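In what follows, a single structure is set out as structure tokens and then discussed.
Encoded structure:
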């Protein structure tokens, strides 16, 4: 995979930058927006969530006895762009989204030319092919699949 502006696309042998490899078994997924819309909360220029202090009133029982004192909490500020009426679809449920392995042991499709303890690079078809430099081939797992070390 490579980047075009902020979007990924399948890489080929004319790309000078390889971001990573699509992964069916990621161990950590970042920037996925799995639970909420990424811009639900107000952010500063560096993307940090902004907070405000909010007073939570005291809680009393029917007799007026205080059960919980009034207190202040720090709460994320809701963005004015946020629309709670819109249904949010997590990225993992969107057809155009895929996890990209950036580092570690990753299974990739190959054209059958890659050899264990040698190297592979991206072919014109966007799959691995034998190369004198690139990513280390650790193991052949099928006739058209290899395990590489990506770093």
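Residue numbers (our numbering): 489 to 639. The C-beta atom is built at its ideal place from N, Cα and C for all residues, glycine as well. What you are looking at is a predicted structure, and each value in this text was computed from that prediction instead of being measured.
Have a look at the options and flag the residue whose alpha-carbon is nearest the alpha-carbon of residue i.
i, options, result
"residue 626", "620, 505, 638", "638"
"residue 573", "525, 563, 583, 622", "525"
"residue 562", "537, 582, 628", "537"
"residue 629", "617, 597, 532", "597"
"residue 611", "498, 492, 568", "498"
"residue 632", "494, 534, 603, 489", "603"
If you draw a straight line from the C-alpha of residue i to the C-alpha of residue j, how long is it?
i, j, result
"residue 513", "residue 543", "44 Å"
"residue 491", "residue 515", "22 Å"
"residue 531", "residue 552", "40 Å"
Residue i and residue j: beta carbons closer than 7 Å?
i, j, result
"residue 594", "residue 636", "yes"
"residue 517", "residue 587", "yes"
"residue 554", "residue 564", "no"
"residue 589", "residue 511", "yes"
Starting from residue i, follow the beta strand (DSSP E) in both directions and report where the run begins and ends.
i, result
"residue 596", "592-597"
"residue 543", "539-544"
Exercise. Quick one: complete beta strand (DSSP E) runs, 3+ long, within the region 578-631?
Worked result: If we require 3 residues or more, the beta strand (DSSP E) runs fully inside the region 578-631 come out as 592-597, 607-610, 616-619, 623-630.
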